[in-house]
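Before any comments, here is the structure.
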């Protein structure tokens, strides 16, 4: 009765949540208040009238060919801020991206044009000129902001149809490859585009920057015959660089504030009827076909295995069968569930936000919150999968804190490399202390709470055939205490199942077919086109859901094929005998005559353990589910070699380490998905037989 009451409360809560989302997303404004044309949702625009101050914020410089951004005011060849200008507070997302926002000395008043304004004459040392030459040759662009989050943009016009589009940022200089000379952009023409709602109500919808290089103190305006400011790296004396700017205001009639990001996205992203969106939909349809085919195969398996006494007896035997490295398997499974929880949670929240800039500003912060809260779920899962009724709380804490701790350790090590480069991507010391404090203060207690909850669930749960809920198989997980003496017969198995490499190759191909197209767009947005935006979170979420489904189905197919080629006889005796021959009663017999003999014997023992572990269905299902991660790793290396063309060793090292960390998390996540689905599958077969 209590469970029925809980189910009713859960259904009511889900109904209220869905009803609230439906009203907020589709029903529109309340009739009581009428329609408000200025109701823009969660983030409202800033309204200006003529003469109002418009703050220009300088941020950072970055390059598509390097992984190290720098603060704009850290550059030794630009005008430094005056004493009254201060840095702005940053969100976690901005800190991770390497942003360093500062108030600037550029004075903008709404609707007031400035023909020519002198900013400063920068006293520059020879070393600063050589630094400017290096950054210009490496293609660094500057990022400024107005109106809170509107980035300064370089304007491009398509030759095909003459339509305009923006690319965030503007180059700090020009490199002439024919003469091998560099020119510094020391004058900027600022064009601010606005949309008029009322006579004293204007919103900013665009911020265009046209940088120029001029050698004198006069603004070039629209002329073309002026002399450029050449950077002379051989200069040994102090030089002065004149910095000037001009401001113009232009009204935009076709784009209002809610559509001001349209120019930053390509025409393919803006128009659903064009080729790119059609390509996305076509690939999504192809993924659905692949998933539907695998679903049909799994449905046939369920239909064939229903009522099969041999399969049910084998499933009952496998459920209680232990394996080598069981603790490691449970730990990686818990880590994978935590990462899966963080990824899906952040994407769902991102897709629910109704403004483009809300999505980009919230996605990283939401992922971190879900990542930490997933410690509770992972500690419960790790405790439920561990043998025994009263699981040690140390195991619960380890399962809940392993993934955040490992990620934090890797990020801090890589942060030292970024610190050495003086890049803004380096996390500040205060942020590092805050992250470590959050790790110990939040993850630890959540893991303890999850362990206590799992212990209570294990001790109070009573198995009943009439009362089975979807996750009841986790509460019935027990082991026979053996180490896999009753193993699969390795000889009859097809080579694709007995060989880990072939199993990974075969099991990872269908999931990679589902995600490969969306992976191309994500990598392009994150690593190649840093001045662009990725906005297709809906496609990404749907593809990840399809990916989870097909990983589950592939693992079930692998488990079923293993059952077809297996028998309930103790057929792993040959491997067990080989393993026992390496052991004595008190441990391993290792003749320590030479170090080489000792290491060789250790390698033989470890290899025997690995073979025994992989022969078990638990590790096989985990390997089959996580095989997509190896395809992701190969794709990241392909992207590094053939697309990015990174030049310095530090950037290459950072790219390889970060992508490998992400792919390791994917291996844990999809491996856990495959293992848990097979565990549920075997419990379902076994419980159905007991019920009959």
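Numbering (my numbering), first residue to last: 181 to 872. Just so you know, even glycine gets a beta-carbon here, dropped at the ideal spot from N, CA and C. Since this is a predicted model, take the numbers as computed values, not measurements.
DSSP on residue i, reduced to helix/strand/coil?
{"i": "residue 731", "result": "helix"}
{"i": "residue 687", "result": "helix"}
{"i": "residue 377", "result": "strand"}
{"i": "residue 780", "result": "helix"}
{"i": "residue 236", "result": "strand"}
{"i": "residue 501", "result": "coil"}
{"i": "residue 409", "result": "coil"}
{"i": "residue 553", "result": "helix"}
{"i": "residue 311", "result": "helix"}
{"i": "residue 664", "result": "Here the model assigns residue 664 a pLDDT of 46, short of 50, so the residue's position is not dependable, and the following value carries that caveat. Reduced to three states, the DSSP call for residue 664 is coil."}
{"i": "residue 486", "result": "coil"}
{"i": "residue 268", "result": "coil"}
{"i": "residue 607", "result": "coil"}
{"i": "residue 430", "result": "strand"}
{"i": "residue 625", "result": "helix"}
{"i": "residue 391", "result": "strand"}
{"i": "residue 333", "result": "strand"}
{"i": "residue 795", "result": "coil"}
{"i": "residue 217", "result": "Caution applies to residue 217, whose pLDDT of 36 falls short of 50 and renders its modelled position unreliable; the model cannot decide the point."}
{"i": "residue 673", "result": "coil"}
{"i": "residue 404", "result": "coil"}
{"i": "residue 258", "result": "coil"}
{"i": "residue 857", "result": "helix"}
{"i": "residue 640", "result": "helix"}
{"i": "residue 752", "result": "Bear in mind that the predicted position of residue 752 carries a pLDDT of just 44, short of 50, making it unreliable; the figure below should be weighed with that in mind. In the structure shown, residue 752 sits in coil (DSSP, three-state: anything other than H, G, I, E or B)."}
{"i": "residue 441", "result": "coil"}
{"i": "residue 289", "result": "strand"}
{"i": "residue 361", "result": "strand"}
{"i": "residue 323", "result": "strand"}
{"i": "residue 704", "result": "helix"}
Does the distance from the C-beta atom of residue i to that of residue j stay below 7 Å?
{"i": "residue 831", "j": "residue 318", "result": "no"}
{"i": "residue 876", "j": "residue 463", "result": "Here the chain covers residues 181 to 872 and nothing more, so residue 876 does not appear."}
{"i": "residue 385", "j": "residue 440", "result": "yes"}
{"i": "residue 719", "j": "residue 460", "result": "yes"}
{"i": "residue 798", "j": "residue 503", "result": "yes"}
{"i": "residue 175", "j": "residue 746", "result": "Any question about residue 175 goes unanswered here, given that the chain covers just 181 to 872."}
{"i": "residue 559", "j": "residue 576", "result": "yes"}
{"i": "residue 852", "j": "residue 513", "result": "yes"}
{"i": "residue 841", "j": "residue 590", "result": "yes"}
{"i": "residue 623", "j": "residue 584", "result": "yes"}
{"i": "residue 376", "j": "residue 382", "result": "yes"}
{"i": "residue 721", "j": "residue 694", "result": "no"}
{"i": "residue 288", "j": "residue 427", "result": "yes"}
{"i": "residue 858", "j": "residue 739", "result": "yes"}
{"i": "residue 850", "j": "residue 741", "result": "no"}
{"i": "residue 554", "j": "residue 518", "result": "yes"}
{"i": "residue 403", "j": "residue 304", "result": "no"}
{"i": "residue 410", "j": "residue 363", "result": "yes"}
{"i": "residue 227", "j": "residue 326", "result": "no"}
{"i": "residue 322", "j": "residue 257", "result": "no"}
Measuring CA to CA, which of the options is closest to residue i?
{"i": "residue 408", "options": "395, 414, 401 and 419", "result": "395"}
{"i": "residue 485", "options": "737, 779 and 808", "result": "737"}
{"i": "residue 609", "options": "262, 276, 257 and 233", "result": "276"}
{"i": "residue 291", "options": "843, 331, 733 and 373", "result": "373"}
{"i": "residue 801", "options": "615, 826 and 856", "result": "856"}
{"i": "residue 466", "options": "865, 858 and 723", "result": "723"}
{"i": "residue 676", "options": "232, 717, 803 and 694", "result": "803"}
{"i": "residue 479", "options": "861, 787 and 584", "result": "861"}
{"i": "residue 458", "options": "815, 702 and 697", "result": "697"}
{"i": "residue 324", "options": "492, 790 and 283", "result": "283"}
{"i": "residue 329", "options": "305, 279 and 705", "result": "279"}
{"i": "residue 251", "options": "792, 230 and 274", "result": "274"}
{"i": "residue 525", "options": "516, 843 and 549", "result": "549"}
{"i": "residue 285", "options": "264, 588 and 362", "result": "264"}
{"i": "residue 415", "options": "343, 313, 371 and 260", "result": "313"}
{"i": "residue 599", "options": "311, 359, 380 and 834", "result": "834"}
Return the Cβ separation of residue i and residue j in integer angstroms, given the expectation that the two are a contact with Cβ distance under 8 Å.
{"i": "residue 237", "j": "residue 268", "result": "7 Å"}
{"i": "residue 556", "j": "residue 580", "result": "7 Å"}
{"i": "residue 349", "j": "residue 332", "result": "7 Å"}
{"i": "residue 474", "j": "residue 690", "result": "7 Å"}
{"i": "residue 866", "j": "residue 492", "result": "6 Å"}
{"i": "residue 510", "j": "residue 562", "result": "5 Å"}
Is any heavy atom of the ligand MG found at a distance shorter than 6 Å from the C-beta of residue i?
{"i": "residue 557", "result": "This structure does not include the ligand MG; it has no bound ligands of any sort."}
Open item on the list: Would you call the stretch 671 to 690 in contact with the stretch 805 to 812, where contact means no fewer than 3 C-beta pairs closer than 8 Å?
Closed with: yes
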